[in-house]
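Numbering (the UniProt record's numbering), first residue to last: 1 to 355.
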């Protein structure tokens with residue numbers, strides 16, 4: 001993920017003996033952008049973790065680039081930054097270029113960010129990452145732009161507030177439904193029901209019509225994890241990483257109601273299926289289509305061989321991602337204008353799970 005450190009590099013380059021280094025057109029860690037190609041962008045290389053290449057480390061070291069990691073243990077992020085010559089500072093330090101945090105910053109901290117500092121969250125990005133907020137934002141877009149244009153999620157209700165509406169819908173179609181806590185991840189607290197009486201209303205939950213005829217590979221249910229980077233909400237700038245993961249359930253799919261409680265059949269989360277005795281891992285990076293995790297490329301090749309239109313499929317996925325982010329764009333962009341002094345201070349990497 002590229003991180004712009006334009007001010008750091010430009011100011012230091014103009015007054016140091018390292019000017020020749022920064023101006024090298026072919027340095028692997030510098031990409032020149034902007035008018036007259038005067039803005040240097042620091043480009044990260046994943047292989048640097050293994051190669052320990054001094055030529056890659058030298059930029060971060062000579063320009064004293066620093067980072068801090070707060071309220072999370074992001075070992076991969078730490079390894080990448082260290083391999084590029086960044087040095088880690090104390091979590092309480094204000095002298096850093098990049099803050100990688102496991103929680104959102106308070107408004108008063110966002111207001112203190114300098115032009116040369118970045119943080120890995122936008123204010124109010126929970127409008128996108130919390131299931132209840134995302135649901136409400138998509139419903140709002142359906143009302144504004146039409147149901148068909150934003151029909152990107154199954155029929156859903158927020159309980160207990162919409163319990164009566166849910167029961168009315170259930171009475172017309174008693175197919176299975178899936179229940180999810182509004183603010184959890186990794187499959188925690190997710191279960192299927194075939195009767196409203198099976199739902200606990202002690203906390204806010206989402207209940208959605210279960211997709212009972214999912215696309216299968218070798219009779220196994222799967223979903224696709226895609227990685228999406230947003231570097232700005234005004235203007236909106238979205239990057240979709242070209243590769244992703246296909247994650248498989250560990251029990252063959254069966255629509256029968258007797259299997260409704262079998263998480264290993266209905267859920268595809270790695271955190272759930274790794275506990276299954278049938279989980280198969282693949283430690284060979286050269287093998288993309290073995291075990292319970294495939295590369296997205298391998299999955300697309302398989303589907304294409306089966307006669308599926310994978311080009312249309314990916315176009316539909318991209319459309320879904322764009323509309324999902326647009327649904328939360330206004331709230332997040334407004335928060336950025338209110339709390340963030342510099343437009344380039346925030347970025348965020350999102351994981352999209354598509355069934």
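No residue lacks a Cβ here, since even glycine has one placed at the ideal position from N, Cα and C.
This structure is a prediction, so every number in the text was calculated from the model and none was measured.
Inset, instruction - Between the Cα of residue 244 and those of 233, 255, 265 and 222, spot the shortest distance and give me the residue it belongs to. - result: 222
Inset, instruction - Assign residue 145 to one of three DSSP states: helix, strand, or coil. - result: helix
Inset, instruction - Under 8 Å by Cβ, that's how I've got residue 104 and residue 121 pegged, so tell me the actual separation to the nearest angstrom. - result: The pair is a contact, with the Cβ atoms about 5 Å apart (cut-off 8 Å).
Legend entry - Beta-carbon proximity of residue 127 to residue 328, cut-off 8 Å: Yes.
Inset, instruction - Check whether the Cβ atoms of residue 204 and residue 174 sit closer than 8 Å, and answer yes or no. - result: Cβ atoms of residue 204 and residue 174: not closer than 8 Å.
Legend entry - Three-state secondary structure (DSSP) of residue 355: coil
Inset, instruction - Decide if the region 65-80 is in contact with the region 44-54; the criterion is three or more beta carbon pairs, one per stretch, under 8 Å apart. - result: yes
Inset, instruction - Let me know the secondary structure DSSP gives residue 133 once reduced to three states. - result: helix
Legend entry - DSSP beta-bridge partners of residue 40: DSSP, once it has assigned bridges, lists 32 as partnering residue 40.
Legend entry - Meets three-Cβ-pair contact criterion under 8 Å: the region 140-154 and the region 342-354: By the Cβ rule, the region 140-154 does not count as touching the region 342-354, because fewer than three pairs are nearer than 8 Å.
Legend entry - Residue of 341, 355, 354 and 213 minimising C-alpha distance to residue 112: 341
Inset, instruction - Return the bridge partner residues of residue 350 from the DSSP annotation. - result: 228
Legend entry - Buried versus exposed call for residue 167 [16 or more other C-beta atoms within 10 Å across all chains shown]: exposed
Inset, instruction - Please specify which runs of the beta strand (DSSP E), each continuous and at least 3 residues long, are wholly inside the region 271-306, giving them in chain order. - result: Taken in chain order, the complete beta strand (DSSP E) segments of 3 residues or longer contained in the region 271-306 are 293-295.
Inset, instruction - Would you mind stating whether residue 251 and residue 278 have Cβ atoms separated by less than 8 Å? - result: yes
Legend entry - Run of the alpha helix (DSSP H) containing residue 317, from where it starts to where it stops: 310-339
Legend entry - Span separating the alpha-carbon of residue 58 from that of residue 92: 26 Å
Legend entry - Contacting residues, own chain, Cβ-Cβ under 6 Å from residue 183 (five flanking each side not counted): 130
Legend entry - 3-residue-minimum beta strand (DSSP E) runs that sit fully inside the region 230-270, ordered along the chain: As for any beta strand (DSSP E) of minimum length 3 sitting wholly inside the region 230-270, the runs are 236-248, ordered along the chain.
Legend entry - Neighbourhood of residue 6 by C-beta distance below 7 Å, restricted to the same chain and skipping five residues each side: Here the model assigns residue 6 a pLDDT of 38, short of 50, so the residue's position is not dependable, and the following value carries that caveat. Cβ neighbours of residue 6 beyond the five flanking positions: 39 and 40.
Legend entry - Length of the line joining the Cα atoms of residue 28 and residue 56: 7 Å
Inset, instruction - Determine the DSSP secondary structure at residue 86, reduced to helix, strand or coil. - result: coil
Inset, instruction - Report yes or no: do three or more beta-carbon pairs, one from the region 293-300 and one from the region 232-249, lie closer than 8 Å? - result: Contact between the region 293-300 and the region 232-249 is present: three or more C-beta pairs spanning the two stretches fall below 8 Å.
Inset, instruction - Give me the Cβ distance between residue 192 and residue 163, rounded to the nearest whole Å; I'm assuming they're in contact under 8 Å. - result: Contact doesn't hold; Cβ gap of about 18 Å is too wide.
Inset, instruction - Output yes or no for whether 8 Å exceeds the beta carbon distance between residue 358 and residue 220. - result: Because the chain here runs from 1 to 355, residue 358 falls outside it and cannot be looked at.
Inset, instruction - Please check the pair residue 237 and residue 231, which I expect to be a contact at CB under 8 Å, by giving their CB distance rounded to whole angstroms. - result: Contact holds; Cβ gap of about 5 Å.
Inset, instruction - Could you name the residues of the same chain whose beta carbon sits closer than 6 Å to that of residue 310, not counting the 5 residues immediately before and after it, in chain order? - result: Its chain contains 300, 303 and 304 as the residues whose beta carbon lies nearer than 6 Å to that of residue 310, once the 5 sequence neighbours on both sides are disregarded; these appear in chain order.
Legend entry - residue 331 and residue 124 closer than 8 Å at C-beta: yes
Inset, instruction - Taking residue 108 as part of the alpha helix (DSSP H), name the residues at either end of that continuous run. - result: Its alpha helix (DSSP H) spans residues 107-110.
Legend entry - beta strand (DSSP E) runs contained entirely in the region 147-216, provided each spans 3 or more residues: Entirely contained in the region 147-216, the beta strand (DSSP E) runs reaching 3 residues are, in chain order, 156-159, 177-181, 191-193 and 205-209.
Inset, instruction - Rounded to whole angstroms, what's the CA-CA distance from residue 169 to residue 264? Just pull it up for me. - result: 28 Å
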